[in-house]
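Okay, so here's the structure we're looking at.
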Amino acid sequence: MSTSKAIKAAYTLLEKHKIKSAPVPIQKIAKLEKLNVIPYDFSTNVSGALIVENDIATIGVNPFENTKRKRFTIAHEMGHFILHSNRSNSLFVDNTTFLNSELHFRNEVSSQGEDKKEIEANAFAAALLMPKFLVEKELKIISKSSKSYNDELIVKQLAKKFVVSVVAMTFRLANLGIRG
Ligand SMILES: [Zn+2]
236 MSTSKAIKAA
246 YTLLEKHKIK
256 SAPVPIQKIA
266 KLEKLNVIPY
276 DFSTNVSGAL
286 IVENDIATIG
296 VNPFENTKRK
306 RFTIAHEMGH
316 FILHSNRSNS
326 LFVDNTTFLN
336 SELHFRNEVS
346 SQGEDKKEIE
356 ANAFAAALLM
366 PKFLVEKELK
376 IISKSSKSYN
386 DELIVKQLAK
396 KFVVSVVAMT
406 FRLANLGIRG
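For the sequence shown, this note's numbering assigns the number 236 to the initial residue and increments by one for each residue that follows.
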């Protein structure tokens with residue numbers, strides 16, 4: 236397993252559900268993949284969890300976090316389900332640190348097995364919510380219609396369109412080698 240495989244899995248899922256425009260309907264995809272998404276009041280610092288029990292998969296999402304964050308959490312847990320679970324019994328609990336890890340250069344934590352899974356789930360989530368083809372499409376539309384916009388405004392507009400945080404979009408653009 237690697238991040239490139241995680242990204243490929245995300246694109247396969249988008250293709251399967253014929254997603255051709257932003258924002259990516261993450262709740263709808265979860266439903267179609269038979270993943271129950273429920274609000275779950277975790278202790279603080281927990282954003283989400285994946286619980287697979289007797290072939291029934293549930294994603295618990297912290298209801299106190301904002302929509303953008305919740306979307307990323309659902310996509311991240313979906314990544315664990317598709318990439319790491321055995322589809323019958325699995326448990327992943329994600330604290331805020333893990334979900335933020337995509338946005339940092341993880342120098343504090345060593346690259347252990349669990350960390351690798353978190354990196355893969357984050358790569359999956361970023362690719363699912365901000366697929367390259369849609370980012371490029373929207374970027375083209377925005378750049379065409381607003382020549383006077385600066386990079387910061389374009390990133391903000393893209394983030395709004397994809398319903399992701401500005402930080403997540405900034406990171407994604409850098410990752411794709413696209414200037415905002
Ligand atoms: Zn995770």
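Glycine included, every Cβ here is placed at the ideal spot set by N, Cα and C.
Terminal residues of the continuous beta strand (DSSP E) containing I317? Looking up residue 317 in the sequence shown gives position 82. Careful: I317 lies outside any beta strand (DSSP E) and carries neither H nor E.
Under three-state DSSP, which class holds E343? Walking along the sequence shown from the start, residue 343 turns up at place 108. In this prediction, E343 scores a pLDDT of 42, lower than 50, which makes its location untrustworthy; the coordinate-derived value is nonetheless stated afterwards. E343 falls in the coil class under three-state DSSP.
May I have the straight-line CA-CA distance separating L374 from N289, to the nearest angstrom? Start at 1 with the first residue of the sequence shown, and residue 374 comes out as number 139. Start at 1 with the first residue of the sequence shown, and residue 289 comes out as number 54. Approximately 43 Å between the Cα atoms of the pair.
Could you tell me whether the region 301-313 touches the region 355-366, using the rule of 3 or more Cβ pairs below 8 Å? yes
Identify whether V399 lies in helix, strand or coil by the three-state DSSP scheme. Here the question's residue 399 lines up with position 164 in the sequence shown. Assigned with DSSP and collapsed to three states, V399 falls in coil, not helix or strand.
Reference A356; option with closest CA among A292, E300 and S320: Here residue 356 refers to the residue found at position 121 when the sequence shown is read from its first residue. Per the Cα distances, S320.
Throw me the rounded Cβ distance for the I261 and G295 pair, which I believe falls under 8 Å. By 1-based counting over the sequence shown, the position of residue 261 is 26. By 1-based counting over the sequence shown, the position of residue 295 is 60. About 15 Å separates the two Cβ atoms, so there is no contact after all.
If distances are taken between C-alpha atoms only, which option among V398, F368, A409 and S256 comes closest to D386? Taking the sequence shown and counting its residues from 1, the one referred to as residue 386 is at position 151. The option with the nearest alpha carbon to D386 is A409.
Three-state secondary structure (DSSP) at G415? Counting from 1 along the sequence shown, the entry for residue 415 is found at position 180. A caution first: G415 carries a pLDDT of 46, below 50, which makes its placement in the model too unreliable to give a value.
Please tell me whether S378 and D329 are closer than 7 Å, where the distance is taken between their beta carbons. Position 143 of the sequence shown, counted from the first residue, corresponds to residue 378. Position 94 of the sequence shown, counted from the first residue, corresponds to residue 329. No, Cβ-Cβ distance for S378 and D329 is not below 7 Å.
Anticipated Cβ contact below 8 Å, L270 with A292, distance rounded: For the purposes of this step, residue 270 is identified with residue 35 of the sequence shown, where counting begins at 1. For the purposes of this step, residue 292 is identified with residue 57 of the sequence shown, where counting begins at 1. With 8 Å as the limit, L270 and A292 qualify as a contact, their Cβ atoms being about 5 Å apart.
With a 10 Å radius around its C-beta and 16 neighbouring C-beta atoms as the bar for buried, classify K303 as buried or exposed. Position 68 of the sequence shown, counted from the start, is the residue given in the question as residue 303. K303 is buried by the Cβ-count criterion.
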